[in-house]
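Novice: In the numbering used here, the protein residues as written are 149 to 486.
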């Protein structure tokens, strides 16, 4: 690759699972930046790097489908959707001059967002995106890129999904080796109090303990119902330690009465303990190293969008090399007032 000497624009590389809201995020950031005051207003360009994209509402700076598209590959080569997408990304790798020529049209004070494909195998099993990022580093964009990983807020609605979403984010972080920001999309579509509770807890272990307690209470409630018994009230409302003790008492009582239930419960308990040990180890890893955190995004709230934008700007150091406004410059002139 030929090293370019022109100015380098800042680049957000937006990734995340399919349907997580990447294109909606790009549109929200583009529209929000157009409405900012004169001191922060910027022109945001959005480029589509998804050869399988069908339509989007943001203004497109350039589109990889002008180079190659999944529909054309499927028709000409007879590949399926996933195979066609991988072929397209590998074709882009072989024709990176096209991408670099597109980037040369932007100055160093401009802001570019890449709307990337949502298939995670492109970041893990087939490292197409990693190789594209490495090529951009070689071209001089090493300090100008930031990875923005978008994940649906429903992924943190309960502990198992929170842990799964954290691992997805961690995989993307490791695969791309870029400054990384995790954004929780669609927060306007889920219970705000539940999302706030999980984000404020900031402990995968604690979330798992709460979830595990609720699940075990539910299991024993079902067993009690099958035996025609009533569940003790403090199993639901008591502290974790007391509830665990009471659950054990209920289980012990049922074992003395129902030998078949005892064998079934023991088998379930053995499987649960094996599964829980792995879950607790993963949760402890996430907690001990504080590797993953999320920023909630509500696209109907301008303040929420602005907080996410400021976090990304800080990560990529956007605007830090801008000239400081002198004291002699009148505020009215800056703000455009007469």
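C-beta: ideal position from N, C-alpha, C; glycine also.
1) Closer than 8 Å by C-beta to residue 448: which residues in its own chain qualify, once you throw out the five before and the five after it? Chain order, please.
2) Run the CB neighbour count on residue 185, radius 10 Å, all protein chains shown included, and call it buried at 16 or more, exposed below.
3) By Cβ distance below 6 Å, which residues in the same chain neighbour residue 166 in space, the five residues on each side in sequence not counted?
4) Taking C-beta to C-beta, are residue 332 and residue 311 nearer than 8 Å?
5) What are the start and end residues of the alpha helix (DSSP H) that includes residue 457?
6) Thinking C-alpha only, which one of 467, 292, 457 is nearest residue 179?
7) Between the C-alpha atoms of residue 281 and residue 157, what's the straight-line distance to the nearest angstrom?
8) Among 231, 192, 418, which residue has its Cα nearest to the Cα of residue 257?
9) Residues in the same chain with beta-carbon distance under 8 Å from residue 227, minus the five sequence neighbours each way, listed in chain order, please.
10) Beta-carbon within less than 7 Å of residue 164's beta-carbon, same chain only, minus the 5 sequence neighbours each way: which residues are those?
11) Within its chain, find whatever has a CB closer than 7 Å to the CB of residue 317; leave out the 5 residues flanking it on each side and keep chain order.
12) For residue 329, which of helix, strand or coil comes out of DSSP?
13) Between the Cα of residue 435 and the Cα atoms of 205, 460, 347, 423, which residue gives the shortest distance?
14) Among 341, 304, 323, 328, whose alpha-carbon lies nearest the alpha-carbon of residue 352?
15) Rounded to whole angstroms, how far is the Cβ of residue 244 from the Cβ of residue 283, which I believe are closer than 8 Å?
16) Between which two residues does the beta strand (DSSP E) containing residue 259 stretch?
17) If you count every other CB in all the chains shown that lies within 10 Å of the CB of residue 422, and 16 or more means buried, which is it?
18) Could you check what DSSP says for residue 241 in three-state terms: helix, strand or coil?
19) For residue 302, which option in 207, 323, 202, 340 has the closest C-alpha, if you only look at C-alpha atoms?
20) In this structure, does DSSP put residue 203 in helix, strand or coil?
21) Here's a check: name, in chain order, each residue in its chain whose Cβ is nearer than 6 Å to the Cβ of residue 190, leaving out the five neighbours to either side.
22) Using the Cα positions of residue 415 and residue 424, report the straight-line distance between them to the nearest angstrom.
23) Going straight from the alpha carbon of residue 271 to that of residue 250, what length do you get?
24) So residue 195 packs on residue 263, CB below 8 Å; how close in whole Å?
25) So the candidates are 455, 289, 451; which of them puts its Cα closest to the Cα of residue 443?
26) In or out: residue 382 buried (at least 16 other Cβ within 10 Å) or exposed?
27) Please return the same chain residues whose Cβ sits closer than 6 Å to the Cβ of residue 175, not counting the five positions on each side in sequence.
28) Determine the DSSP secondary structure at residue 144, reduced to helix, strand or coil.
29) List the endpoints of the continuous alpha helix (DSSP H) containing residue 158.
30) Mark residue 229 as exposed unless 16 or more other C-beta atoms lie within 10 angstroms of its C-beta, in which case mark it buried.
31) Measuring alpha carbon to alpha carbon, tell me which of 450, 324, 462, 431 ends up nearest residue 313.
32) Sorry if obvious, but does the Cβ on residue 320 come closer than 7 Å to a heavy atom of the ligand SAM?
33) Within this structure, are the beta carbons of residue 294 and residue 160 separated by less than 8 Å?
34) Under 8 Å by Cβ, that's how I've got residue 338 and residue 261 pegged, so tell me the actual separation to the nearest angstrom.
35) In three-state terms, what does DSSP make of residue 386?
Specialist: In short:
1) Counted from its first residue, the chain shown places residue 448 at position 300. For residue 448, same chain residues with a beta-carbon under 8 Å away, outside a window of 5 residues either side, are 336 in chain order.
2) Along the chain shown, read from residue 1 onward, the residue named residue 185 stands at position 37. Exposed is the call here.
3) Taking the chain shown and counting its residues from 1, one reaches residue 166 at position 18. Within its own chain, the residues whose Cβ lies closer than 6 Å to the Cβ of residue 166, once the five positions on either side in sequence are excluded, are 266, listed in chain order.
4) The residue labelled residue 332 in the question sits at position 184 within the chain shown. The residue labelled residue 311 in the question sits at position 163 within the chain shown. Their beta carbons are not under 8 Å apart, which means residue 332 does not touch residue 311 by this criterion.
5) Numbered from its first residue, the chain shown carries residue 457 at position 309. For residue 457, the uninterrupted alpha helix (DSSP H) segment begins and ends at 450-464.
6) Working through the chain shown from its first residue, we reach residue 179 at position 31. It is 457.
7) Reading the chain shown from its first residue, position 133 is the one you call residue 281. Reading the chain shown from its first residue, position 9 is the one you call residue 157. If you take the alpha carbons of residue 281 and residue 157, they lie about 15 Å apart.
8) Position 109 of the chain shown, counted from the start, is the residue given in the question as residue 257. Of the listed residues, the one whose Cα sits closest to residue 257 is 192.
9) Residue mapping note: residue 227 aligns to position 79 of the chain shown, counting from 1. Here the set comprises 221, 235.
10) The residue labelled residue 164 in the question sits at position 16 within the chain shown. Non-local beta-carbon contacts of residue 164 in its own chain, meaning distances under 7 Å to residues more than five positions away in sequence, involve 170, 266, 297, 298, 299 in chain order.
11) For the purposes of this step, residue 317 is taken as the residue at position 169 of the chain shown. Contacts found: 297, 299, 330, 440.
12) Your numbering for residue 329 matches position 181 in the chain shown. Three-state result, residue 329: strand.
13) The residue you call residue 435 lines up with position 287 of the chain shown. Among 205, 460, 347, 423, the Cα nearest to that of residue 435 is on 347.
14) Against the chain shown, residue 352 aligns to sequence position 204. Comparing Cα-Cα distances from residue 352 to each of 341, 304, 323, 328, the minimum goes to 304.
15) Numbered from its first residue, the chain shown carries residue 244 at position 96. Numbered from its first residue, the chain shown carries residue 283 at position 135. The C-beta distance from residue 244 to residue 283 rounds to 5 Å, short enough to meet the 8 Å contact threshold.
16) Reading the chain shown from its first residue, position 111 is the one you call residue 259. Segment 259-263, the beta strand (DSSP E) holding residue 259.
17) Numbered from its first residue, the chain shown carries residue 422 at position 274. Within 10 angstroms of the beta-carbon of residue 422 lie fewer than 16 other beta-carbons, which makes it exposed.
18) As a working note, residue 241 is residue 93 in the chain shown. In the structure shown, the three-state DSSP call for residue 241 is helix.
19) Here residue 302 corresponds to residue number 154 of the chain shown, with the count starting at 1. Comparing alpha carbon positions, the residue from 207, 323, 202, 340 closest to residue 302 is 340.
20) Along the chain shown, one-based indexing puts residue 203 at 55. It is coil, neither helix nor strand.
21) For the purposes of this step, residue 190 is taken as the residue at position 42 of the chain shown. The answer, listed in chain order, is 181, 259.
22) Here residue 415 refers to the residue found at position 267 of the chain shown. Here residue 424 refers to the residue found at position 276 of the chain shown. A straight-line Cα-Cα distance of about 14 Å links residue 415 and residue 424.
23) Taking the first residue of the chain shown as position 1, residue 271 is located at position 123. Taking the first residue of the chain shown as position 1, residue 250 is located at position 102. C-alpha separation (whole angstroms): 23 Å.
24) Here residue 195 corresponds to residue number 47 of the chain shown, with the count starting at 1. Here residue 263 corresponds to residue number 115 of the chain shown, with the count starting at 1. Their Cβ separation, rounded to whole angstroms, is 7 Å, which keeps residue 195 and residue 263 in contact under 8 Å.
25) Locating residue 443 in the chain shown gives position 295, counting from the first residue. Closest option to residue 443, Cα to Cα, is 455.
26) Position 234 of the chain shown, counted from the start, is the residue given in the question as residue 382. A caution first: residue 382 carries a pLDDT of 47, below 50, which makes its placement in the model unreliable, though a value can still be read off. With fewer than 16 other CB atoms across the displayed protein chains lying within 10 angstroms of its CB, residue 382 is exposed.
27) Along the chain shown, read from residue 1 onward, the residue named residue 175 stands at position 27. Around residue 175: 205, 206.
28) Given a span of 149 to 486 for the chain in the structure shown, any question on residue 144 remains unanswerable.
29) Taking the chain shown and counting its residues from 1, one reaches residue 158 at position 10. No alpha helix (DSSP H) holds residue 158; the beta strand (DSSP E) holding it covers 158-163.
30) Position 81 of the chain shown, counting from 1, holds the residue named residue 229. Looking at its Cβ environment, which holds fewer than 16 other Cβ atoms inside 10 Å, residue 229 is exposed.
31) By one-based count along the chain shown, residue 313 stands at place 165. When only C-alpha atoms are compared, the closest one is 431.
32) The ligand SAM is not among the ligands present in this structure, which contains no ligands whatsoever.
33) Within the chain shown, numbered from 1, the residue matching residue 294 stands at position 146. Within the chain shown, numbered from 1, the residue matching residue 160 stands at position 12. Going by beta carbons, residue 294 and residue 160 fall inside the 8 Å limit.
34) The residue labelled residue 338 in the question sits at position 190 within the chain shown. The residue labelled residue 261 in the question sits at position 113 within the chain shown. In fact, because the Cβ distance is near 24 Å, the residues do not count as touching under 8 Å.
35) On the chain shown, residue 386 is found 238 positions in, with the first residue counted as 1. Confidence at residue 386 is low in this model, with a pLDDT of 47, below 50, so the placement of that residue should be treated as unreliable; the coordinate-derived value is given next. Correct three-state label for residue 386: coil.
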